[in-house]
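Here the sequence shown is numbered in the UniProt record's numbering, starting from 1 and rising by one per residue.
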Amino acid sequence: ANKENKSTPPRDAPPPTPITKGINLSATPIVKKEKRQISSRYNVSKNCELTPLPPLNERNSSNNANRNIASTATPLNNQKLLNTGQCQNGNEGNFNSGGGGIVGSDVTTLNSASDGKANAIGAGGLMTQTLQQITGSPGRARDRNIFHSPSSSPAAVQLPLLRETPTNEREELFIQKLRQCCTLFDFSEPLSDLKWKEVKRAALHEMVEYLSNQNGVITETIYPEAINMFAVNLFRTLPPSSNPNGAEFDPEEDEPTLESSWPHLQFVYELFLRFLESPDFQPNIAKRYIDHHFVLQLLELFDSEDPRERDFLKTVLHRIYGKFLGLRAFIRKQINNVFYRFIYETEHHNGIAELLEILGSIINGFALPLKEEHKQFLLKVLLPLHKAKSLSVYHPQLTYCVVQFLEKDPSLAEPVIKSLLKFWPKTHSPKEVMFLNELEELLDVIEPAEFQKVMVPLFRQIAKCVSSPHFQVAERALYYWNNEYIMSLISDNSQVILPIMFPALNRNSKTHWNKTIHGLIYNALKLFMEMNQRLFDECSKNYRQEKQM
């Protein structure tokens with residue numbers, strides 16, 4: 001739910017709307033409510049299948065164009081995360097963790113401080129302590145590819161190309177290349193080991209192309225080797241935040257901290273996605289290695305400051321959720337835990353927007369009636385996310401998730417709108433504009449019967465917004481009178497709403513400092529007058545009497 005609005009001053013406000021001639025709604029029936037076209041770029045309801053990635057050359061050209069700048073996160077491929085029909089309530093398949101994942105398998109790493117001897121390290125143990133032992137630094141994530149590869153190492157061998165190898169030898173060569181790519185390099189020194197860095201990059205690129213263009217590549221012996229290589233390269237301890245307690249990150253103003261080892265990481269992620277999307281991929285075999293532990297480590301990476309990595313992670317987790325039915329409940333639970341820590345403990349996490357985007361796709365696939373656990377997730381996790389200082393970073397995705405719930409179950413409108421009013425910002429005007437944007441989206445899908453339950457507290461808050469000295473807040477609230485469906489709701493309930501709104505409209509039509517606001521207020525008053533002339537005159541009379549007292 002990406003919504004942008006406003007005229008000349010700051011960028012948070014809505015676009016200028018000309019004052020149109022009022023529509024006489026006095027005798028018109030309520031506008032027939034049709035399912036609205038969601039304007040959000042996060043609308044994932046249109047495609048039911050998991051679409052494959054675009055051709056590699058397209059992704060490469062896009063990545064190269066954005067290599068030195070922070071790219072904003074791109075939405076998922078607008079699809080439901082389902083394998084066979086909808087995600088049925090309470091029946092999402094049985095989870096079998098298999099053989100304990102990648103823990104226990106070996107990876108060869110090369111110590112630049114040693115004499116070139118290879119050390120065998122369990123893939124599951126490639127964590128902070130190991131990094132400290134090898135580099136002397138306390139696990140800096142920028143240095144996670146920190147192991148030089150002297151030419152004396154067996155890993156530093158330039159293997160032949162797959163396409164030039166006899167067909168019956170390609171599987172073994174593919175495994176050798178996967179093992180070769182478990183060698184990690186130090187990218188904190190750009191000029192070190194350039195030859196072998198290029199050898200690894202070329203091997204990764206070749207495997208991506210090979211997996212994309214050949215059938216029958218993923219055999220049963222490939223699974224542990226490939227997933228081990230992904231884990232060795234991707235899973236590491238992230239560095240401390242570059243700005244843990246400072247001002248909130250502004251994607252349009254602030255530069256993110258980019259991962260120095262991205263030349264290799266990019267192709268590892270590409271290969272992982274091609275692996276998951278391959279027609280040869282069999283989840284029943286892969287679930288022995290992609291298990292709870294693997295998912296937990298993957299979720300930890302969402303706190304990366306590099307938006308390119310978070311964008312890949314979003315798609316990877318999206319694919320895993322779609323293919324592994326037994327992991328779905330666990331993934332949802334762990335995402336909830338990330339949100340709980342963010343809301344009630346840290347208030348800092350770089351991947352909230354991406355996780356919400358995945359959840360928007362998951363919510364879209366919920367079967368009806370909604371399970372109680374899903375309703376509790378909305379009320380206890382999604383709605384409290386409105387309290388965070390960094391709301392602007394993930395608000396479009398959050399709004400989309402909330403609107404999805406209301407479209408699934410209209411009875412949730414009352415607790416949702418009352419929660420929004422409870423969390424309504426008191427002193428932060430840009431955040432207030434965001435709340436008004438979201439509220440209009442909710443009113444677009446609300447049922448008339450549910451609207452009547454919340455209209456009194458709702459329009460008391462809107463009256464306060466109309467009276468706001470911050471003209472963007474007042475302007476955004478007054479734009480509600482340009483919304484045809486909202487006007488039909490107001491018209492049907494004018495006996496209640498007009499007495500609430502009239503004092504604020506009348507007073508600010510004369511006293512507000514901004515002339516644009518004057519015009520919008522006159523437009524609203526005119527619509528009210530045409531809606532119910534007798535009630536309008538009565539409210540005007542009562543207002544004058546109260547003023548004289």
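We treat Cβ as the ideally placed atom computed from N, Cα and C, and that holds for glycine.
Here the structure is a predicted model, which is why all the values come from computation and not from measurement.
Nearest to residue i (by Cα), restricted to the options the options
i      : options                        : result
Lys323 : Phe230, Pro410, Asn284, Phe235 : Asn284
Tyr394 : Ile417, Phe342, Pro369         : Phe342
Tyr269 : Pro430, Met207, Glu164, His512 : Met207
Met529 : Thr511, Pro499, Lys547, Lys418 : Pro499
Ile222 : Val199, Phe267, Pro240, Tyr289 : Tyr289
His349 : Ser390, Glu309, Leu234         : Ser390
Tyr485 : Glu475, Lys526, Leu442, Cys465 : Leu442
Val199 : Phe267, Ile417, Glu354         : Phe267
Arg308 : Glu259, Leu299, Val338         : Glu259
Ala203 : Phe312, Glu546, Leu478, Arg179 : Arg179
Phe419 : Gly326, Leu298, Lys387         : Residue identity differs from the one stated: residue 419 is Ser in this sequence, not Phe. For the residues Gly326, Leu298, Lys387, the minimum Cα distance to Ser419 belongs to Lys387.
Arg507 : Ser467, Trp262, Phe377, Val473 : Ser467
Leu421 : Leu298, Phe471, Ala463         : Ala463
Pro410 : Leu535, Met531, Pro279, Gln452 : Gln452
Residue i, buried or exposed, once every other Cβ within 10 Å from all chains shown has been counted against 16
i      : result
Lys117 : Reliability of the predicted coordinates at Lys117 is poor, the pLDDT of 36 falling under 50, and the value obtained from them is presented with this limitation in mind. That one is exposed.
Thr183 : buried
Leu436 : buried
Gln533 : exposed
Thr315 : buried
Gln282 : exposed
Trp481 : buried
Val295 : buried
Trp196 : buried
Asp306 : buried
Met229 : buried
Gly216 : exposed
Arg460 : exposed
Glu354 : buried
Ser494 : buried
Glu372 : exposed
Pro224 : buried
Asp537 : exposed
Asn213 : exposed
Tyr340 : exposed
For residue i, the first and last residue of its enclosing alpha helix (DSSP H)
i           : result
Gly326      : Segment: none, Gly326 is in no alpha helix (DSSP H) and carries neither H nor E.
residue 550 : Outside the displayed span of the chain (1 to 549) sits residue 550, for which this structure offers no information.
Asn437      : 429–445
Tyr269      : 262–277
Gly519      : 515–531
Ala463      : 448–466
Glu345      : Per DSSP, Glu345 belongs to no alpha helix (DSSP H) and is neither H nor E.
Thr511      : 494–511
Glu164      : Glu164 -> no alpha helix (DSSP H), and no H or E assigned at all.
Trp196      : 194–213
Pro415      : 413–422
Asn228      : 222–234
Ser241      : First-last for Ser241: undefined, no H or E at that position.
Val295      : 292–300
Inter-residue spacing [alpha-carbon to alpha-carbon] between residue i and residue j
i           : j      : result
residue 553 : Val496 : Residue 553 lies beyond the range of the chain shown here (1 to 549); nothing can be said about it.
Gln158      : Ala286 : 29 Å
Ser153      : Asp186 : For Ser153, the pLDDT reaches just 49, beneath the cut-off of 50, and the residue's location in the model is therefore unreliable, although a value from the coordinates is still provided. Straight-line Cα distance between these residues: approximately 16 Å.
Thr516      : Asn483 : 18 Å
Val445      : Glu407 : 7 Å
Thr344      : Glu357 : The residue asked about is misnamed: residue 344 is Tyr in this sequence, not Thr. Whole-angstrom Cα-Cα distance: 21 Å.
Glu414      : Pro384 : 16 Å
Leu505      : Arg319 : 51 Å
Val416      : Leu379 : 7 Å
Gln548      : Ser540 : 13 Å
residue 550 : Pro469 : Nothing about residue 550 can be reported from this structure: the residues present for the chain run from 1 to 549 only.
Phe502      : Pro457 : 15 Å
Gln397      : Gly360 : 7 Å
Asp193      : Leu173 : 23 Å
His264      : Val338 : 28 Å
Leu191      : Arg201 : 15 Å
Gly365      : Gln176 : 40 Å
Ala226      : Phe272 : 8 Å
Thr399      : Pro430 : 16 Å
Ile521      : Pro425 : 23 Å
Thr219      : Asp280 : 8 Å
Within 7 Å, strictly: CB atoms of residue i and residue j
i      : j      : result
Val381 : Asn336 : yes
Arg170 : Leu162 : yes
Leu317 : Arg274 : no
Phe405 : Leu412 : yes
Leu234 : Asp303 : no
Leu301 : Leu313 : yes
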